[in-house]
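Notes follow the structure.
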Amino acid sequence: MSEIITFQQNELAKIIERYAKNDGVHATAIPSLVFIRNSNTSVPRHGVYKPSFCIVVQGAKEVWLGQERYEYNPADYLIASVNLPVTAQVTKASPDAPYLGFKLEFTTNQILEILRDSEIRVGTKENSKRGMFVSRMETPLMDAVMRLARLLDYPNDIPVLAPLFTKEILYRVLQGQHGTRLEQIAIEGSAAHQINEVIEYITNNFDKSFRVEELAEKVNMSVSSLHRHFKEVTAMSPIQYQKELRLQEARRLLLTESADATDVAFRVGYESPSQFSREYSRMFGFPPRQDIKRLKV
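In the UniProt record's numbering, the protein residues as written are 1 to 297.
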C-alpha cells in the first residue's frame with residue numbers, strides 16, 4: 001500500500017472515530033454511508049450484504065459466502081454487487097486500535113447511470129461471475145473516498161456533492177480489476193442481471209413457497225441455466241438462498257420480539273416446526289431457544 005493511501009487511511013480513521021465514538025453500526029449524514037466500530041474481535045455474525053462498497057480502515061475482517069472465505073484489510077476493498085446472505089467476523093481489533101469500517105451502499109441504477117455517462121466500454125453479456133470480490137485499493141479510488149468522508153464536516157455541501165463523490169467511487173471501481181463483475185449486474189439481458197431479478201424476487205418473497213421452474217420462467221431462462229448462473233453469482237442454489245434469508249429473519253424475530261419458535265417458524269415460511277429447528281441448529285449451532293438464551297446473556 002502506498003504512503004499516500006496509508007496517510008489517507010489514517011485521516012479516514014480519525015473521521016470515523018469522531019462520528020462513531022462507540023461500538024456498533026453508525027448511520028451518517030450522507031445517505032447510504034455507515035461507519036462500523038468494534039473494540040474487540042467478534043464471533044461470526046450472520047446478515048445480508050446489500051450492494052455495497054466496503055473498506056476496512058483499521059483492523060481486519062473476513063466474510064464467508066457459502067463455503068468461500070473473503071479476507072480483507074486496509075489495503076483492500078470489498079464489493080457485494082447483489083444482496084448476499086453472508087457470515088462476517090472481525091478478526092483484528094482491540095480497545096487501543098478498534099476495527100473501523102466504511103460501508104457505502106449503492107443501487108443497480110447508479111451503476112447503469114455511470115455506464116451511460118462515461119466512456120467505459122461496456123463488455124459483452126458475459127457469463128455470470130461471483131457477486132462478491134476483494135480488490136486492492138488504488139490512489140484515485142482512495143482520493144474519492146476521502147472527498148466523500150470529508151463532507152461530513154461540511155453538512156451543507158452533502159446534498160450537492162455526496163452524489164457526485166459517490167458516483168466517482170463507483171466509477172473507479174468499474175475501472176478496476178473486477179469492474180466487469182459490477183458492470184454485468186446492470187446490463188439488461190445479461191445473465192447476471194437476470195439473476196439479480198431472481199434474487200430480488202426471493203428477497204421480497206422468502207416466506208412464500210415457489211418452484212424453481214417459476215423463477216426460471218420469470219427471467220426467460222431454462223431451469224438448468226438458472227441453477228448454474230444463480231450458483232455462480234451467489235455460491236448457493238435458489239432454495240439454499242431462500243433458506244438463509246428465512247433463518248436469518250427468524251433469528252431476528254426471536255431476538256427482538258421474544259416470540260415463540262413455532263410461531264416464528266410459520267411466519268418465515270416453514271410448514272414444519274421440527275424442520276425449522278433442525279435447519280436453525282445446522283446454521284447457528286444451537287436450537288432456537290438455546291441460541292436466543294445464549295445471545296441474550
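Where a beta carbon is used, it is the ideal one built from N, C-alpha and C, also for glycine.
| Check | Outcome |
| --- | --- |
| Would you grab the beta carbon distance between residue 49 and residue 27 for me? Rounded to a whole angstrom, and I think it's under 8 Å. | The Cβ separation is near 17 Å, so there is no contact. |
| Using the rule of at least 16 other Cβ atoms within 10 Å of the residue's Cβ for burial, across every protein chain shown, is residue 58 buried or exposed? | buried |
| Is it buried or exposed, residue 77, if we count other Cβ atoms within 10 angstroms and call 16 or more buried? | buried |
| Rank 264, 205, 91 by C-alpha distance to the C-alpha of residue 56 and give the top, closest one. | 91 |
| Using beta-carbon positions only, say whether residue 256 and residue 273 come within less than 8 Å of one another. | no |
| Quick one: what's got a C-beta closer than 6 Å to residue 39's C-beta in the same chain, skipping five residues either side? | 23, 95, 98 |
| Could you name the residues of the same chain whose beta carbon sits closer than 7 Å to that of residue 292, not counting the 5 residues immediately before and after it, in chain order? | 254, 255 |
| Terminal residues of the continuous alpha helix (DSSP H) containing residue 148? | 139 to 150 |
| Residues in the same chain with beta-carbon distance under 8 Å from residue 44, minus the five sequence neighbours each way, listed in chain order, please. | 64, 87, 88, 89 |
| Do you know how far the Cα of residue 4 is from the Cα of residue 299? | No information on residue 299 is available, as it lies outside the stretch 1 to 297 that the chain covers here. |
| For the region 219 to 236 and the region 185 to 199, state whether three or more C-beta atom pairs, one from each stretch, are separated by less than 8 Å. | yes |
| Would residue 206 pass as a contact of residue 240 if the rule is Cβ separation under 8 Å? | no |
| How about residue 84 and residue 131: are their beta carbons less than 8 Å apart? | yes |
| With 16 as the cutoff for other CB atoms within 10 Å, does residue 280 come out buried or exposed? | buried |
| According to DSSP, is residue 34 helix, strand or coil? | strand |
| With DSSP collapsed to three states, give me the class of residue 206. | coil |
| In whole angstroms, give me the CA-to-CA distance for residue 268 and residue 249. | 7 Å |
| Span of the beta strand (DSSP E) holding residue 268? | Here residue 268 belongs to no beta strand (DSSP E), and DSSP marks it neither H nor E. |
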